[in-house]
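Visitor: The structure follows.
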Amino acid sequence: MKSRKLYNRIALLREERNLSRRELAEKIGVNFQTVGYLERGEYNPSLDLAFRICEVFELPIELIFSTKPLKPLSQELLRYKQILGGNNEN
Amino acid sequence: MKIESKKSYKTGIIVNYLFLVLFVALFYLFNHLGWKVWMVIAELLTLGVLVLTFYTSHIKTGLWRLVHASEDTLDEREMVVVLYALRNSYSVFTITSLIFIGIFVAMEIPVSAFGFVSLIYLAHTLPSVIIGWQE
């Protein structure tokens, strides 16, 4: 079965945290070239590796990976804020 | 791999396999004709090019190490890549061996240990060639 393309924010988050590919690779236990493949969406990580990436960035998996093209993170956070705001009002 | 290094890699692989074929062909030809000093020199020169292109295409690129590394030292993507290369090289090797043996049977030439060594070389280098060709 051919797997679907996964979109991710690894490159954006890595640069935001001032991490080099080698540093991130060391933290998640892969070769630094694999980080490049992950960032370009040329390799879909296993569930274990995806969770290890989430642990490094301390973010939920749906904020880093998606099966649909990802929106800017600011837009995504605004949507979360609106959901949380709506819940608080109730 | 960058486009230029990929081009030189592919050239190296083509030269390597061409010289492998030449090395085997010359061996059988010279064996049939009877060995002379210049034949030994020609065979050694062919072997020299074969070793040199093997070094530049397989050792220097790190592909040999990748294919022959133990599973514990590879990450999940590398394992996927190696498994894919091994699966495909198995098919390529089977077809090549059948053609090789078919030619020898058709020409009524006995397959010597030398021929088998060449096939073993092919079997060991094919996985890294498949990775290098596609990466």
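Chains as they are written, first to last, in our numbering: chain L, 112 to 201; chain B, 56 to 190.
Glycine included, C-beta positions come from ideal geometry on N, C-alpha and C.
1) Compile a chain-ordered list of the residues in the segment 144-176 of chain L whose CB is closer than 7 angstroms to at least one CB of chain B.
2) Which residues of chain B have a Cβ atom closer than 8 angstroms to the Cβ of Gly140 of chain L, listed in chain order?
3) Along the alpha helix (DSSP H) that carries Asp130 of chain B, what are the first and last residues, could you check?
4) Would you mind sorting Phe74 of chain B into buried or exposed? The rule is 16 or more other CB atoms within 10 Å of its CB.
5) Determine the extent of the alpha helix (DSSP H) in which Trp90 of chain B is found, giving its start and end residues.
6) Under 7 angstroms, CB to CB, which of the residues in the segment 133-148 of chain B have a partner in chain L?
7) Considering only the alpha carbon of each residue, which of B:Gly89, B:Thr66, B:His123 lies closest to Leu107 of chain B?
8) Do the segment 103-118 of chain B and the segment 180-189 of chain B meet, that is, are 3 or more Cβ pairs less than 8 angstroms apart?
9) Judging by CA-CA distance, which residue of B:Pro165, B:Ser152, B:Gly157 is the nearest neighbour of Leu174 of chain B?
10) Are there 16 or more other CB atoms within 10 angstroms of the CB of Leu84 of chain B, so buried, or fewer, so exposed?
11) Can you give me the start and stop residues for the alpha helix (DSSP H) that Lys115 of chain B sits inside?
12) With C-beta atoms as the reference, is Asn129 of chain L less than 8 angstroms away from Phe176 of chain L?
13) Taking the straight line between their C-alpha atoms, what separation do you get for Glu202 of chain L and Gly157 of chain B?
14) Is Glu137 of chain L close to chain A, meaning its C-beta is less than 8 angstroms from at least one C-beta of that chain?
15) Which term fits Ser185 of chain L, buried or exposed, when burial requires 16 or more other beta carbons within 10 angstroms of its beta carbon?
16) Is there contact here, the segment 132-139 of chain B with the segment 144-157 of chain L, by at least three beta-carbon pairs under 8 angstroms?
17) Can you look up Ser177 of chain L in the DSSP assignment and give me helix, strand or coil?
18) For Glu137 of chain L, count neighbouring C-beta atoms within 10 Å of its own C-beta (all shown protein chains included) and say buried if the count is 16 or more, exposed if not.
19) Please say whether Gly140 of chain L and Arg163 of chain L have beta carbons closer to each other than 8 angstroms?
20) Determine, using beta carbons only, whether Asn155 of chain L and Leu117 of chain L come nearer to each other than 8 angstroms.
Guide: Based on what the coordinates show:
1) Thr145, Tyr148, Tyr154, Ser157, Leu160
2) For the purposes of this step, residue 140 of chain L is identified with residue 29 of the first sequence, where counting begins at 1. Near Gly140 of chain L (Cβ distances below 8 angstroms), the residues of chain B are Asp130.
3) Here residue 130 of chain B is taken as the residue at index 75 of the second sequence, counted from 1. Per DSSP, Asp130 of chain B belongs to no alpha helix (DSSP H) and is neither H nor E.
4) Here residue 74 of chain B refers to the residue found at position 19 of the second sequence. Label assigned to Phe74 of chain B: buried.
5) As a first step, residue 90 of chain B must be located in the second sequence, where it is residue number 35. Premise fails: Trp90 of chain B is in no alpha helix (DSSP H) and is neither H nor E.
6) Glu133
7) The residue given as residue 107 of chain B occupies position 52 in the second sequence. Ranking B:Gly89, B:Thr66, B:His123 by Cα distance to Leu107 of chain B puts B:Thr66 first.
8) yes
9) As a position in the second sequence, residue 174 of chain B is number 119, starting the count at 1. Taking only the C-alpha atoms, the option nearest Leu174 of chain B is B:Ser152.
10) To locate residue 84 of chain B, count along the second sequence from 1; it is residue 29. Answer is exposed; the Cβ neighbour count stays below 16.
11) Taking the second sequence and counting its residues from 1, the one referred to as residue 115 of chain B is at position 60. Counting along the chain, Lys115 of chain B falls outside any alpha helix (DSSP H), and DSSP gives it neither H nor E.
12) Here residue 129 of chain L refers to the residue found at position 18 of the first sequence. Here residue 176 of chain L refers to the residue found at position 65 of the first sequence. Result no, Cβ atoms of Asn129 of chain L and Phe176 of chain L do not sit closer than 8 angstroms.
13) Only positions 112 to 201 of chain L appear in the structure, and residue 202 of chain L is not among them; the question remains open.
14) Among the protein chains in the structure shown, which are L and B, there is no chain A.
15) On the first sequence, position 74 is the one that residue 185 of chain L refers to. Exposed is the call here.
16) yes
17) By 1-based counting over the first sequence, the position of residue 177 of chain L is 66. If DSSP states are grouped into helix, strand and coil, Ser177 of chain L belongs with the strands.
18) As a working note, residue 137 of chain L is residue 26 in the first sequence. By the 10 Å Cβ count, Glu137 of chain L comes out exposed.
19) As a position in the first sequence, residue 163 of chain L is number 52, starting the count at 1. As a position in the first sequence, residue 140 of chain L is number 29, starting the count at 1. Yes, these two residues count as a Cβ contact at 8 angstroms.
20) Counted from its first residue, the first sequence places residue 155 of chain L at position 44. Counted from its first residue, the first sequence places residue 117 of chain L at position 6. For Asn155 of chain L and Leu117 of chain L, yes; Cβs fall inside 8 angstroms.
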